[in-house]
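> Here it is, the structure, as C-alpha cells.
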Amino acid sequence: MKISKIFLYNEPSIPELKISELAEFIKNTFRVNVEIRKNIFLQASDINAEQIASCRIFNTKKSFEKHNPTKEEIDFERMTFTDTSKTENIVMYDGFEFQNIVNSLISNEESNLEQFHIVFTNKLTCTYDNNDYRYHGRAIICSNPTIISTTGIIEAPAKPRQYYLELMTKMTQGLNVDSIKKKYQGTYLEYHDERLSKIVEGYVMQAIFYYLTGEPFCELLECR
Numbered sequence: 492m493k494i495s496k497i498f499l500y501n502e503p504s505i506p507e508l509k510i511s512e513l514a515e516f517i518k519n520t521f522r523v524n525v526e527i528r529k530n531i532f533l534q535a536s537d538i539n540a541e542q543i544a545s546c547r548i549f550n551t552k553k554s555f556e557k558h559n560p561t562k563e564e565i566d567f568e569r570m571t572f573t574d575t576s577k578t579e580n581i582v583m584y585d586g587f588e589f590q591n592i593v594n595s596l597i598s599n600e601e602s603n604l605e606q607f608h609i610v611f612t613n614k615l616t617c618t619y620d621n622n623d624y625r626y627h628g629r630a631i632i633c634s635n636p637t638i639i640s641t642t643g644i645i646e647a648p649a650k651p652r653q654y655y656l657e658l659m660t661k662m663t664q665g666l667n668v669d670s671i672k673k674k675y676q677g678t679y680l681e682y683h684d685e686r687l688s689k690i691v692e693g694y695v696m697q698a699i700f701y702y703l704t705g706e707p708f709c710e711l712l713e714c715r
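Numbering (my numbering), first residue to last: 492 to 715.
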C-alpha cells in the first residue's frame, strides 16, 4: 500500500502544534504530498454535535454505553465546532466512536486507501481495556482517519511515581501542592508545552507506520 497524500486537520486552540512545520517534517521524511486543512468540525452539523455528546464516558469501569445527551451537552459540542478553545472540565470520549464520527465528515472522494487523514483535537479520547476493565486516556487512535488528542498527549502518560507519592502526601496534609508541581516541572508535558511540536512528530510517524505495516511500534529502541 502506498500513501499518495496526507491531510492534516488543525486544532487552532493549540498553537504549539506548529502545523506548518509538521507538514514540512512529513514531506521531508516520507516524500509525500501534504495538505493542511482547518479544523474538521467546521463542517460538522447539529446531528454530529449530538453524536459526539452521546459518546461521552461517565463510567470508566464499564465498556461503551451510548449516552443520552442533554440539550446543554449538545449545545456545548456545537459551540466547540467554531471555537475549540471553549472547554469544560476534562471530558472523556470513547475514541472509536469519536473516530467513526470524524470519518463521516470526510468526503467519499477523499476516503480511500491512498489518502491518509490525521485529525488533531483537544478532546480527550479514551479506549476501554479488557485486561483491567476500565477506560484509559489515549494520545492517539490509529486508523484512517487517525485521531491525535493533544489533551491525551498531556494526560494519558503516567507521571513519575514519586510525583504521585509526594502529591498524595501534601494533599492528605492539607498543604499546597504547587511546590510539588514546580519540583517535577520538566519531567512531564504540560499544557501549551513548547516540546509538544516535537512530540507530535513522533505520534504522526507512529500513525503512518501503523497504517502502512499494521504494527503499532517499531522494534528499534532508538526510533522516535
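Glycine residues also receive a C-beta, built at the ideal position from the N, C-alpha and C atoms. Quick caveat: nothing in here was measured; it's all calculated off a predicted structure.
Could you spell out the range, first to last residue, of the beta strand (DSSP E) harbouring Met444?
The requested residue 444 is not part of the displayed model; the chain covers only 492 to 715.
> Span of the alpha helix (DSSP H) holding Thr693?
Counting from one through the sequence shown, the residue named residue 693 turns up at place 202. Note on residue identity: the sequence assigns Gly, not Thr, to residue 693. Counting along the chain, the alpha helix (DSSP H) containing Gly693 begins and ends at 687-704.
> What first and last residue would you give for the alpha helix (DSSP H) that runs through Lys674?
Sequence index remark: in the sequence shown, residue 674 carries index 183 (1-based). That run of the alpha helix (DSSP H) goes 669-674.
> My output table needs one value for Val523: the three-state DSSP class, helix, strand or coil.
Here residue 523 corresponds to residue number 32 of the sequence shown, with the count starting at 1. Val523: coil per DSSP, three-state reduction.
> For a test of the three-state rule: what should DSSP assign to Thr641, helix, strand or coil?
Residue mapping note: residue 641 aligns to position 150 of the sequence shown, counting from 1. Three-state result, Thr641: helix.
> With DSSP run on the structure shown, which of helix, strand or coil describes Lys518?
For the purposes of this step, residue 518 is identified with residue 27 of the sequence shown, where counting begins at 1. If DSSP states are grouped into helix, strand and coil, Lys518 belongs with the helices.
> Across the stretch 527-543 and the stretch 565-576, are there enough close Cβ pairs to call them in contact, namely three or more that are closer than 8 Å?
Flag = yes, the stretch 527-543 and the stretch 565-576 touch.
> Where does His683 land, buried or exposed, given buried means 16+ other C-beta within 10 angstroms?
Taking the first residue of the sequence shown as 1, we reach residue 683 at position 192. The residue is exposed, with fewer than 16 neighbouring Cβ atoms inside 10 Å.
> Taking all protein chains shown into account, do 16 or more other C-beta atoms lie within 10 angstroms of the C-beta of Gln653, making it buried, or fewer, making it exposed?
Working through the sequence shown from its first residue, we reach residue 653 at position 162. So Gln653 counts as exposed.
> According to DSSP, simplified to helix, strand and coil, what is Thr618?
Your numbering for residue 618 matches position 127 in the sequence shown. Looking at Thr618 - three-state DSSP - the assignment turns out to be strand.
> Could you tell me which whole alpha helix (DSSP H) segments of length 4 or greater appear in the stretch 556-580?
Counting only runs of 4 or more, we get 562-573.
> Going by Cα to Cα distance, which pick from Lys552, Glu502, Gln534 is closest to Ser640?
The sequence position of residue 640 within the sequence shown is 149, counting from 1. Closest by alpha carbon: Glu502.
> Beta strand (DSSP E) containing Ile609: first to last residue?
Here the question's residue 609 lines up with position 118 in the sequence shown. From DSSP, the beta strand (DSSP E) with Ile609 extends over 606-612.
> Under 8 Å between the Cβ atoms of Ile548 and Val695?
Locating residue 548 in the sequence shown gives position 57, counting from the first residue. Locating residue 695 in the sequence shown gives position 204, counting from the first residue. Against a cut-off of 8 Å, the Cβ pair of Val695 and Ile548 comes out as no contact.
> For Tyr654, name the three-state secondary structure that DSSP assigns.
Here the question's residue 654 lines up with position 163 in the sequence shown. Helix.
> How is Phe532 classed by DSSP in three states: helix, strand or coil?
Residue mapping note: residue 532 aligns to position 41 of the sequence shown, counting from 1. Residue state, collapsed to three classes: helix.
> Please identify the residue among Glu507, Ile543, Ile645 whose C-alpha is closest to the C-alpha of Ile486.
What the structure shows of the chain is the stretch from 492 to 715, and residue 486 is not part of that stretch, so it cannot be assessed.
> Could you check the C-alpha separation between Thr660 and Phe587 for me, to the nearest Å?
To locate residue 660, count along the sequence shown from 1; it is residue 169. To locate residue 587, count along the sequence shown from 1; it is residue 96. Their Cα atoms are separated by approximately 37 Å.
> For Phe589, which of helix, strand or coil comes out of DSSP?
Looking up residue 589 in the sequence shown gives position 98. It is helical.
> Near Cys546, what residues of its chain come up, given a Cβ to Cβ distance below 8 Å and the 5 sequence neighbours on each side ignored?
Counting from 1 along the sequence shown, the entry for residue 546 is found at position 55. Excluding positions up to five away in sequence, the list reads Phe555, Lys557, His558, Tyr584, Asp585, Glu588, Phe589, Ile592.
> Work out the CA separation of Lys577 and Leu604 for me, nearest whole Å.
Here residue 604 refers to the residue found at position 113 when the sequence shown is read from its first residue. Here residue 577 refers to the residue found at position 86 when the sequence shown is read from its first residue. Straight-line Cα distance between these residues: approximately 34 Å.
> Lys650 to Leu508, Cα distance in whole Å?
Numbered from its first residue, the sequence shown carries residue 650 at position 159. Numbered from its first residue, the sequence shown carries residue 508 at position 17. Whole-angstrom Cα-Cα distance: 22 Å.
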